[in-house]
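In this note's numbering, the protein residues as written are 341 to 581. We treat Cβ as the ideally placed atom computed from N, Cα and C, and that holds for glycine.
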Amino acid sequence: MLFGWNCIGSIRQMPFFLANDKTPLSFRNPSARFRAWNIPSTHTIFVSTSGQFSSLRMQSNLPAAIANATQSAAFAKRGQGGLGVNDAFPAVLTDKCWEESKPDSGILLPGECSSATWEDKNHLVPCWDEETKTYNKPLLFIQMLAPKASMYQDDSKSCYEITLRAYTACFEEAIRCGCRVIQIPLIAAFGDFVPRALSKRPKWIRSAKLSLLHAVEKTAKKHASKDLVIVLTNIPQPVNL
341 MLFGWNCIGS IRQMPFFLAN DKTPLSFRNP SARFRAWNIP STHTIFVSTS
391 GQFSSLRMQS NLPAAIANAT QSAAFAKRGQ GGLGVNDAFP AVLTDKCWEE
441 SKPDSGILLP GECSSATWED KNHLVPCWDE ETKTYNKPLL FIQMLAPKAS
491 MYQDDSKSCY EITLRAYTAC FEEAIRCGCR VIQIPLIAAF GDFVPRALSK
541 RPKWIRSAKL SLLHAVEKTA KKHASKDLVI VLTNIPQPVN L
């Protein structure tokens, strides 16, 4: 699935693929399991790791965005099938941030995203750490909506096309807002987003993964001169790509 990308074997090697090789880049959990790649001829690093969706997995002086896989077009805060992705954020974010992350229409369509300035309930921890000169928190919160298999007759092509649009829109929104670390979940691949028939799930999930990788490569090549770190996180273990 990984198109001849450059495999990065150590966290210490990561900064050398960025335009500024002095950029601090590390995992908040030193024992985190991960795999990482550089997209050739770009300064983009793609990381697959594990850990909470609603806090940064990586520590850097690059401004960051965190994306949520919202459970419904109307931004329900709780919902069956989220497996902790959507449910994690309302417990962390202020109601104001959650409301401001909705588009003006109040409805997000599959393949779309919307965003707001990150504002969480923990006011004791500052966004910027003066001691380490890195960010403790993201600057931007992004909501994405994936397709549900039941709405698209379990068609894996629709899954690919819609999730590709969602990831691409998410990355472009983060970059537009000045964020260079973009943390995402794997969308359309869990709970009630996947086909009910077990035999149809593998093809649907492969399409979701492939769309993510294509969106990463497309974004990396479009912004080849920019330092970008795209972090895929999952619980309890990294996504198998």
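Legend entry - Pair within 7 Å by beta-carbon distance, residue 521 and residue 400: Mapped onto the sequence shown, residue 521 falls at position 181. Mapped onto the sequence shown, residue 400 falls at position 60. For residue 521 and residue 400, yes; Cβs fall inside 7 Å.
Legend entry - Assumed close pair residue 390, residue 575 - CB separation to whole angstroms, cut-off 8 Å: Position 50 of the sequence shown, counting from 1, holds the residue named residue 390. Position 235 of the sequence shown, counting from 1, holds the residue named residue 575. Indeed they touch by this definition, with Cβ atoms about 6 Å apart.
Legend entry - Three-way DSSP call (helix, strand, coil) for residue 577 in this model: To locate residue 577, count along the sequence shown from 1; it is residue 237. Coil.
Legend entry - Residue of 483, 429, 567 and 562 minimising C-alpha distance to residue 527: Locating residue 527 in the sequence shown gives position 187, where the first residue counts as 1. Selected option, being the one with the closest Cα: 483.
Legend entry - CB-CB length for residue 372 against residue 397, believed under 8 Å: Counting from 1 along the sequence shown, the entry for residue 372 is found at position 32. Counting from 1 along the sequence shown, the entry for residue 397 is found at position 57. That pair is a contact at about 7 Å.
Legend entry - Reduced DSSP secondary structure (H/G/I, E/B, other) of residue 523: Residue 523 sits at position 183 when you count from the first residue of the sequence shown. Note: residue 523 maps to strand in three-state DSSP.
Legend entry - Integer Cβ distance of residue 503 from residue 565, believed to fall under 8 Å: Numbered from 1 along the sequence shown, position 163 holds the residue referred to as residue 503. Numbered from 1 along the sequence shown, position 225 holds the residue referred to as residue 565. The Cβ separation is near 27 Å, so there is no contact.
Inset, instruction - Work out the CA separation of residue 485 and residue 495 for me, nearest whole Å. - result: For the purposes of this step, residue 495 is taken as the residue at position 155 of the sequence shown. For the purposes of this step, residue 485 is taken as the residue at position 145 of the sequence shown. In a straight line, the C-alpha of residue 495 is about 17 Å away from that of residue 485.
Legend entry - CA-to-CA distance, residue 479 to residue 461, given in whole angstroms: Taking the first residue of the sequence shown as position 1, residue 461 is located at position 121. Taking the first residue of the sequence shown as position 1, residue 479 is located at position 139. Each residue's Cα considered, the two are about 14 Å apart.
Legend entry - Assumed close pair residue 387, residue 579 - CB separation to whole angstroms, cut-off 8 Å: Along the sequence shown, one-based indexing puts residue 387 at 47. Along the sequence shown, one-based indexing puts residue 579 at 239. The pair is not a contact, with the Cβ atoms about 11 Å apart (cut-off 8 Å).
Inset, instruction - Specify whether the stretch 537-550 and the stretch 359-369 touch according to this definition: at least 3 beta carbon pairs, one from each stretch, less than 8 Å apart. - result: no
Legend entry - Proximity to residue 433 [Cα-Cα], best of 407, 445, 443 and 451: Here residue 433 refers to the residue found at position 93 of the sequence shown. Comparing Cα-Cα distances from residue 433 to each of 407, 445, 443 and 451, the minimum goes to 407.
Legend entry - Which listed residue (581, 571 and 577) has its alpha carbon closest to that of residue 367: For this step, residue 367 is matched to residue 27 along the sequence shown. Cα-wise, what sits closest to residue 367 is 571.
Inset, instruction - For residue 447, name the three-state secondary structure that DSSP assigns. - result: Here the question's residue 447 lines up with position 107 in the sequence shown. Note: residue 447 maps to coil in three-state DSSP.
Inset, instruction - Please classify residue 444: is it buried, with 16 or more other beta-carbons within 10 angstroms of its beta-carbon, or exposed? - result: Counting from 1 along the sequence shown, the entry for residue 444 is found at position 104. Exposed, since its Cβ has fewer than 16 Cβ neighbours within 10 Å.
Legend entry - Separation of residue 474 from residue 350, as counted between CA atoms: Here residue 350 refers to the residue found at position 10 of the sequence shown. Here residue 474 refers to the residue found at position 134 of the sequence shown. Whole-angstrom Cα-Cα distance: 20 Å.
Inset, instruction - Using a threshold of 7 Å, state whether the C-beta atoms of residue 437 and residue 471 are closer than that. - result: In the sequence shown, counting from the first residue as 1, residue 437 sits at position 97. In the sequence shown, counting from the first residue as 1, residue 471 sits at position 131. No, the pair does not count as a contact, with Cβ atoms beyond the cut-off.
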